[in-house]
Amino acid sequence: MPWFAPAYPAFSPTAHPYLTIRPLAPQEAGPLQAVFQDLSARSRQLRYHTPLAALRPAMVRHLTDVDPSRHVALVAALGGRPVGIGRWLRDPFRPTEAELAVEIIDRWHGAGIGTAIAAEAARHASRAGVQTFVAHIDPVNSAARAWARALGATPNPDDPDQVRLAVSALAAGLPRHHPAA
Ligand SMILES: CC(C)(COP(=O)(O)OP(=O)(O)OC[C@H]1O[C@@H](n2cnc3c(N)ncnc32)[C@H](O)[C@@H]1OP(=O)(O)O)[C@@H](O)C(=O)NCCC(=O)NCCS
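Counting with my numbering, you get residues -3 to 177 for the letters of the sequence shown.
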């Protein structure tokens, strides 16, 4: 697959006619900043595990340092406007594992976009040989915990902040509670 793949519909036209998901290009900060601007303070805190008024330049460099073999970020857009970003980053010490992190702007929570991005991330990661996604989700983040559970994640009994998810199952198809997919 070419790295600059064209955007394509993530859902059926009846479900989300204008939703597209595409890989972020290397050093492409625009969609990252646009999504961050539209996140509530609480969502920023839950995603980045610290209160953040802005993304620091070093964070932007890190978050846009994408490479199809180790770090893929996917931008979801509605009508061309970025509404969410999801990414996987390979664990350099356990190459079959990758961290999964997703942020959807608050006004679009609950519309299935986080699920669509996670499934697409799994397809990319699976092709790159990743077998397990690890997500760090604060136990108080009940929405993200429920989202991860719906994707098939299980808690890591040794780490209350971590859930684990089989990439192949997620890549195989969207969960059944999205019948339109
Ligand atoms: C967690 C997050 C990514 C979920 O994305 P989303 O697009 O809102 O989630 P979806 O619409 O795909 O939800 C899928 C399922 O997750 C569960 N879910 C999602 N939000 C939920 C909520 N607030 N309460 C209960 N269950 C919820 C439901 O089972 C839902 O399925 P349903 O709609 O059929 O009931 C989003 O809330 C977010 O960006 N939060 C802030 C950042 C964050 O916490 N990131 C951590 C993730 S690594």
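Even glycine gets a Cβ: it sits at the ideal position worked out from N, Cα and C.
| So what does DSSP say about Thr178, is it helix, strand or coil? | The shown model of the chain, from -3 to 177, leaves out residue 178, and the question about it has no answer.
| field | Helix, strand or coil at Ile113 according to DSSP, with G and I counted as helix | value | For the purposes of this step, residue 113 is taken as the residue at position 117 of the sequence shown. Reduced to three states, the DSSP call for Ile113 is helix.
| query | Helix, strand or coil: which one does DSSP assign to Pro88? | reply | As a position in the sequence shown, residue 88 is number 92, starting the count at 1. Reduced to three states, the DSSP call for Pro88 is coil.
| What are the boundary residues of the beta strand (DSSP E) that includes Leu15? | Taking the first residue of the sequence shown as 1, we reach residue 15 at position 19. Leu15 to Pro19 is the span of the beta strand (DSSP E), which, as asked, contains Leu15.
| task | Output the residue ranges of the beta strand (DSSP E) runs that lie fully inside the region 49 to 93 and measure 3 residues or longer, sorted by chain position. | result | 67 to 74 and 77 to 87
| request: Please name the residue in Ala114, Gln29, Arg57 and Trp104 whose C-alpha comes closest to that of Ala149. | output: Within the sequence shown, residue 149 is the residue found at index 153, counting from 1. Checking every option, the nearest Cα to that of Ala149 belongs to Ala114.
| Val98 bridges to which residues according to DSSP? | Residue numbering aside, residue 98 sits at position 102 when the sequence shown is read from its first letter. Per DSSP, Gly82.
| Residues near ligand 1, criterion Cβ-heavy atom distance below 6 Å | Ser39, Leu42, Arg43, Ala97, Val98, Glu99, Ile100, His105, Gly106, Ala107, Gly108, Ile109, Gly110, Thr111, Ala131, Ile133, Asn137, Ala139, Ala140, Ala142, Trp143, Ala146 and His173
| field | Whole-number beta carbon distance between Ala97 and Ala131, since they are thought to touch under 8 Å | value | The count along the sequence shown starts at 1 and reaches residue 131 at position 135. The count along the sequence shown starts at 1 and reaches residue 97 at position 101. That pair is a contact at about 7 Å.
| Sequence-distant residues of its chain with Cβ nearer than 8 Å to Val56 (five each side left out) | Walking along the sequence shown from the start, residue 56 turns up at place 60. Cβ within range, chain order: Ala25, Leu28 and Gln29.
| query | Which residues bound the beta strand (DSSP E) around Pro156? | reply | If you number the sequence shown from 1, residue 156 lands on position 160. It spans Asp155 to Ala162 - the beta strand (DSSP E) in which Pro156 sits, taken as one unbroken run.
| said: Using the three-state DSSP reduction, which class does Pro27 fall into: helix, strand or coil? | reply: Your numbering for residue 27 matches position 31 in the sequence shown. Three-state DSSP puts Pro27 in a helix.
| said: Within a Cβ cutoff of 6 Å, which residues of the same chain sit near Pro78, ignoring the five residues on either side of it in sequence? | reply: Start at 1 with the first residue of the sequence shown, and residue 78 comes out as number 82. Once the five neighbours on either side are set aside, the close Cβ partners of Pro78 are Pro27, Ala30, Val31 and Val71.
| Through-space distance from Arg90 to Pro5, alpha-carbon basis | Translated into the one-based positions of the sequence shown, residue 5 becomes position 9. Translated into the one-based positions of the sequence shown, residue 90 becomes position 94. Because Pro5 sits at a pLDDT of 49, beneath the cut-off of 50, its placement in the model cannot be relied upon, and the following sentence gives the value as read from the coordinates. Straight-line Cα distance between these residues: approximately 32 Å.
| task | Could you name the residues of the same chain whose beta carbon sits closer than 8 Å to that of Pro47, not counting the 5 residues immediately before and after it, in chain order? | result | Indexing the sequence shown from 1 puts residue 47 at position 51. Excluding positions up to five away in sequence, the list reads Ala37, Arg40 and Gln41.
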